[in-house]
Structure formats: structure tokens, C-alpha cells
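Residue numbers (our numbering), protein chains in the order written: chain R, 30 to 146; chain C, 2 to 510.
In this text, a Cβ means the ideal position worked out from N, Cα and C, and glycines have one as well.
Notes follow once the structure below has been shown.
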């Protein structure tokens, strides 16, 4: 299945050796960090989101009042907005560290080390 | 039709034409035409995304739904917003790093196969068609209501305007029309919300207590379940909303107007804040309309509740605010349809003509000409469809577009970036299974078949029980991609290595 390098070198001489980059520790670390951040948070927000229609469809306990005439279902709905903005902010902060790692990979490998001539 | 309405209406037409004039002078290359040369800043693109996304269905439809059905109307607001987390976490950056003008470009960064590009163009065109008919039919009905002119004239006015923006000003004009519209729309929302809150002395608790007593639903108004009584139906709709956005061609196309993934990210952030604030405010509009206009009057003006926001504006701020909100609604429609024409045209001119027929060898001049012809053709086609589709239900068409986007496009986008083994056969089967399962299930659904005459397109018992089939069609799209991939031996690990590196670092040669 793997044709190794013949195919790649065939069409573009300046093409970096992407397989080498993918297998480098530097790149693996970036992927590991990204996965560790993105997967749990994505699972979290999807569950948090679907809990709302699931709970409103199959239960009624969210209809209990929380503050005056504002019931828990409204608070849960507002919490969805808060969650979105909070996750956005966290993402931006975290992504800045990924940017640094990515720039480093471009500097270290793609521009020189990983290049096959 | 009062004088203020006409003046503001003409002011918007004039302003957008001025924008188009300047944009036309700057539109020199195909890159300018499709992606504004990739030169928009993060906040500009973010506001433009909001302008592209917040359609009249959001503005008038959700305000009306909340006014009439309380909590259930708010479901749409939540789904449409959380969708941006999916865009931000999984789609925006790899898409920007891999694509050039269209979704098909991004997928083809991995495959270089005509059939993949063809399938992607087909799903883009299908989604754009449904979305466009929805917008134009909605626009026609709305302008008819607001200005008292005939439906066909209303459709023609919107149709001609969108054609002019795209044909002459391409993405630059479209973007700035969207930015202008987003600012006007947000201003309108804030003004009305402020006036509503003023009436309640800025006390949210008072507002909830008040709306609990004023509507015909009584205390049930504040509880979920007035509009959506089918549990699986609600969950299916929510699934289409949250995943659909990441597959909408006109939204995806916006990410190519910035020059790197970092800017794409900051545009999603700006868009998410803007859109989030917008959807919080829909609550004040809905509640305000329920309290100060009343459901009887809202239903009398339009059975779908679409007039709730303009009527509220009239009740709170008189004819001037009514005129302003009507003009904003008009601008909203124009901005959204322009974005749709452009993404439809890109599928025809760039994917089908430029890449498949001309094999990517067309000169820039030829591509530009093709893009303009395609824009014109897409516009004319959409106007003609809209003239015959007056009786179709707009909300249903929009949710169908979201469902196809979630079922046909999203699985392929995710597999392309994240699944090593994914291949050409998988890409084609994912797209086609997602697309056709959504279309077939919808055509068997209660939206198309109803035992009550006049309630749907045909009289009869629906074979499939859910209005929105996302709950079935999205998993089918993913499954189709999985099976298609496994049945084909093809696997190009070098190519995937390249895609993975480029998607994650933004490197390009």
C-alpha cells in the first residue's frame, strides 16, 4: 500500500517529505496536544447541547422555577450561550500555543530539514 | 406604504450600489471575484459571516416563533449558535489551510478526482438551491407584506439586486453588503431590545412574569413542548442545526476570504460573539412581541409569525422604527442571497467548468468570464424557481438545506482531515448517501405528505415520521463514507501525510 517516496518525488522536486514530518516527534507532539484539547471539549459541548432537547423531551423537571418565574430550562438555555463564549475564549488561548508549535515545525522541518531535493 | 419606508428602502439600494461600484473596480482576478483576494481582516470576515448567516428566517422567523411558542422558538437560536463551536473546533482552520475557492477544492486537496469534485459540486448546488428558494420565497412574501407590492415584483427586485452585486462586485461587494447589513441588523436588534427592556424597567423577572400571563398559552408559554411535541423530531432538528452550519457552502466559502488559519479563527470568534448576542436578543424581540403586540395581531398579519418583529417595532417606536426595521429586513435578505449566488456560481464555474471540463487549465480571464456567466445563470434559475414556489414552506426548506449540509458535506470534511484510511470511493459514497438519504427521507416525511389537505405538498400518510431526517441521514452519510472506503483498496498515505501537515500547520509550497 505504501509506495514510499518515488511517487512524491515524481511530480515536484521541491516538495517537502511530508511523511517524515508526520512521523517526527515535533509533529506528533502537536497532534497529541491538539487531540487532548479538542476531543474532550467537543464531546463535552455536544453532550451539553443535546442534554437540553433530551431533557425537555423526556422529562419535566427543568420546568421547576429557579428565580421567580424563570425556570431551570431557561437557565440551561442561557448556559448554552455562556458555554459557547467561554469555549471560544479558551480555544483562542489554546490555539495560540498550537500556532507556536506549528510555526516551529515549518521553521525546523518544512523549510529546511524535511525538504528532499 | 409610507414615505419613510420608501426613503429608507431606496437608501439601502443606493448604499449597496455604491459598495458594488467600488468593489467592481477592485475585482480584477478570479481570486478577487471568489474570495475578495483573500484580503479581508478577521473582524471584517467575522461580521460578514454573521451577515451571511443571520437570514430573514433568523431575524423574522425566530422572533415570530418565540412570540407564538415561547421556549420552543428559542431552540433554533441555541442550535444555530452552538453550531459555531463545531465550525471553530473542527472545520474552519483545516478548511482554510487546504482549500482555495470552494469546498470541493478542500476535499480535492486529498484526492484529485473528478468524481469527488463532481459530487461535492452536486451537493453544493442542491443545498444552495433549497436555501435560495427559501430566501427568495421568504423575501417575496415579506416585501409584499411590508411594502404592499406584488409577490413577483418583490422577487424580481431582490433577484436583480443580488445579480448586480455578484455579477459586478463578486465577493468584495458581497462581503461589504453583508458587513453593512450585519451592522444595521445588530443596531435594529439592540434598539428594539432596549425599548422592550425599558418597558419592563430592565427587570428580567418582571418580563418573564408578564409574558406568562399575556399569551393564550398561559403558564405553558414558558415551558418547552408547545411547538415540538415529538421527542425524536426535536432531537433530529437540533442535530441538523448544530452540524449543518459546518457544511453550508456559502458559510464555508467565507473562510477563503482571509489569508490564513489564524485569521479564519479570529473571524469565527467575531462571528460567534455577534451571532450569540443576536440570538440572545431574539428572546427580547419574541417576548416583546408577545407582550406588546399580542398573538392575535401577529397571526392576523402572517400565519407564520414573520411580522412579529416589524409589528413590535411599530408598537414601540412608531412608523419610523417600523420603517427602519423593514429596511433592515430587506438588507438582510439581499446580503444572504448574494452570498448564496456566489457559492452556487463557484460550484458551476470553478468546480464543474474550470476544474472538471477545463481540467484547471482555463486562463484567469476565461475563469472570470465563466464565474460571471454562472452567477447570472444561477440568479435567473433561482428567480424562476422562486416565482413558482410561492406556496412552499420556508422554514422547512431552510431546515432541509441544513440537513443536507450536515449529512452530505460534514462527514466528508471530517473524514478528509481526520481519517487516515479515507479514500476517493469513500468520499463519493459519503456525499451521495448523505445527499440522497436526506432528500428521499424528506420526500416521504410529514412535510411532504399530510392526511390533511393543504397542510403539505401531497395528501396522504407520511411513510417517514420525522419532519427533519437528520437523525437518520447524518449517520447514513458517515456510514456511507466508512463502507465506501472499506470496500475500496485505495489508500494514499503520502497524500494524507501532506494533507495532515498542511491542515495543521498552514504550510503551503
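Interface residues of the stretch 117-141 of chain R facing chain C [CB-CB below 7 Å]: So the close ones are 117, 120, 121, 124, 128, 131, 134, 135, 139.
Quick check on DSSP: helix, strand or coil for residue 460 of chain C? Note: residue 460 of chain C maps to strand in three-state DSSP.
Taking C-alpha atoms, which residue in C:446, C:500, C:454 lies nearest to residue 415 of chain C? Nearest neighbour of residue 415 of chain C by Cα position, chosen from C:446, C:500, C:454, turns out to be C:500.
Beta-carbon neighbours of residue 76 of chain R, restricted to chain B and to distances below 9 Å: In the displayed structure, chain B is absent; the protein chains listed are R and C.
For residue 33 of chain R, three-class secondary structure by DSSP: Note that residue 33 of chain R scores 38 on pLDDT, short of 50, meaning its location in the model is unreliable; the coordinates nonetheless yield the value given after this. DSSP, read as helix, strand or coil, puts residue 33 of chain R in coil.
Apart from the five residues on each side of it in sequence, which residues of its chain come closer than 7 Å, Cβ to Cβ, to residue 357 of chain C? Result list for residue 357 of chain C: 115, 118, 119, in chain order.
Within the same chain, show all residues whose beta-carbon is closer than 8 Å to that of residue 42 of chain C, passing over the 5 residues directly before and after it, in chain order. Taken in chain order, the residues that qualify are 259, 264.
Whether or not the stretch 225-241 of chain C and the stretch 54-61 of chain C are in contact is what I'm after, with contact meaning three or more pairs of Cβ atoms, one per stretch, closer than 8 Å; do they touch? The answer is no - the stretch 225-241 of chain C does not touch the stretch 54-61 of chain C, with fewer than three Cβ pairs under 8 Å.
Proximity of residue 165 of chain C and residue 333 of chain C at Cβ, strictly below 8 Å: It is not a contact, given that the beta carbons lie outside the stated cut-off.
Who are the neighbours of residue 232 of chain C on chain R, taking C-beta pairs under 7 Å? Here the neighbours are 86, 87.
9 Å Cβ cut-off: residues of chain R touching residue 182 of chain C: Within chain R, no residue comes near residue 182 of chain C; the closest Cβ sits about 23 Å away, beyond 9 Å.
Could you check what DSSP says for residue 96 of chain R in three-state terms: helix, strand or coil? Looking at residue 96 of chain R - three-state DSSP - the assignment turns out to be strand.
Quick check: the Cα distance between residue 286 of chain C and residue 156 of chain C, rounded to an integer number of angstroms? Answer to the nearest angstrom: the Cα atoms are 27 Å apart.
Spatially closest choice to residue 185 of chain C from C:436, C:52, C:388, C:461, by CA coordinates: The option with the nearest alpha carbon to residue 185 of chain C is C:52.
Does any residue of chain R have a CB that is nearer than 8 Å to the CB of residue 239 of chain C? Taking Cβ atoms only, chain R reaches closer than 8 Å to residue 239 of chain C, which makes this a yes.
Once the 5 residues before and after residue 1 of chain C are set aside, which same chain residues still bring their CB inside 6 Å of it? The first residue shown for chain C is 2 and the last is 510, placing residue 1 of chain C beyond what the model contains.
Run of the alpha helix (DSSP H) containing residue 308 of chain C, from where it starts to where it stops: Residue 308 of chain C: not part of any alpha helix (DSSP H); DSSP gives it neither H nor E.
So, is residue 100 of chain C buried or exposed, given that buried needs 16 or more other C-beta atoms within 10 angstroms? Flag for residue 100 of chain C reads buried.
Name the DSSP beta bridge partners of residue 450 of chain C, please? The partner list for residue 450 of chain C (beta bridge, DSSP) reads C:459.
Between residue 48 of chain R and chain C, is any beta-carbon pair separated by less than 8 Å? Yes, contact with chain C.
Counting pairs of Cβ atoms below 8 Å between the stretch 106-123 of chain R and the stretch 264-281 of chain C, do you hit three or more? Verdict: yes, contact present.
Ordered along the chain, which non-local residues of its own chain (more than five positions away) have a Cβ less than 6 Å from that of residue 249 of chain C? So the qualifying residues of the chain are 406.
At a Cβ cut of 9 Å, what residues of the stretch 76-103 of chain C count as close to chain R, listed as they run along the chain? For the stretch 76-103 of chain C, the residues whose beta carbon sits under 9 Å from a beta carbon of chain R are, in order, 76, 78, 79, 80, 82, 83, 85, 86, 87, 89, 90, 91, 94.
Taking the Cβ atom as the reference point for each residue, do residue 340 of chain C and residue 145 of chain C lie within a distance shorter than 8 Å? No; because the gap between Cβ atoms is not below 8 Å, this pair is not in contact.
Here's a check: name, in chain order, each residue in its chain whose Cβ is nearer than 8 Å to the Cβ of residue 132 of chain C, leaving out the five neighbours to either side. Non-local beta-carbon contacts of residue 132 of chain C in its own chain, meaning distances under 8 Å to residues more than five positions away in sequence, involve 249, 251, 341, 398, 399, 402 in chain order.
Mapping the DSSP letters down to three states, classify residue 259 of chain C as helix, strand or coil. Annotated three-state conformation of residue 259 of chain C is coil, per DSSP.
Please report how far the alpha carbon of residue 314 of chain C lies from the alpha carbon of residue 307 of chain C, in whole angstroms. C-alpha separation (whole angstroms): 13 Å.
Closest by CA to residue 256 of chain C, which one among C:465, C:436, C:46, C:242? Check the Cα spacing between residue 256 of chain C and each of C:465, C:436, C:46, C:242: the tightest is with C:46.
Let me see if you follow: with CB-CB separation under 8 Å, is residue 30 of chain R close to chain C or not? Because the pLDDT at residue 30 of chain R is just 36, under 50, the model does not fix this residue reliably, and the value given afterwards should be weighed accordingly. At a cut-off of 8 Å between C-beta atoms, residue 30 of chain R counts as an interface residue with respect to chain C.
Taking 8 Å as the CB-CB cut-off, is residue 489 of chain C touching chain R? With 8 Å as the cut-off, residue 489 of chain C does not count as an interface residue toward chain R.
Rounded separation between residue 479 of chain C and residue 78 of chain C - CA only: Residue 479 of chain C and residue 78 of chain C: Cα-Cα distance of roughly 26 Å.
Show which residues of chain C have a CB atom less than 9 Å away from the CB atom of residue 44 of chain R. Within 9 Å Cβ-Cβ: 499, 510.
So for residue 439 of chain C, helix, strand or coil by DSSP? In the three-state reduction of the DSSP assignment, residue 439 of chain C falls in the helix class, which pools H, G and I.
Is there contact here, the stretch 209-221 of chain C with the stretch 55-75 of chain R, by at least three beta-carbon pairs under 8 Å? The stretch 209-221 of chain C and the stretch 55-75 of chain R do not touch, with fewer than 3 CB-CB distances between them shorter than 8 Å.
Tell me whether the beta-carbon of residue 99 of chain R lies closer than 8 Å to the beta-carbon of residue 206 of chain C. A Cβ-Cβ contact shorter than 8 Å links residue 99 of chain R with residue 206 of chain C.
Consult DSSP for residue 491 of chain C and reduce its assignment to one of helix, strand or coil. Here residue 491 of chain C carries a coil assignment [DSSP, helix/strand/coil].
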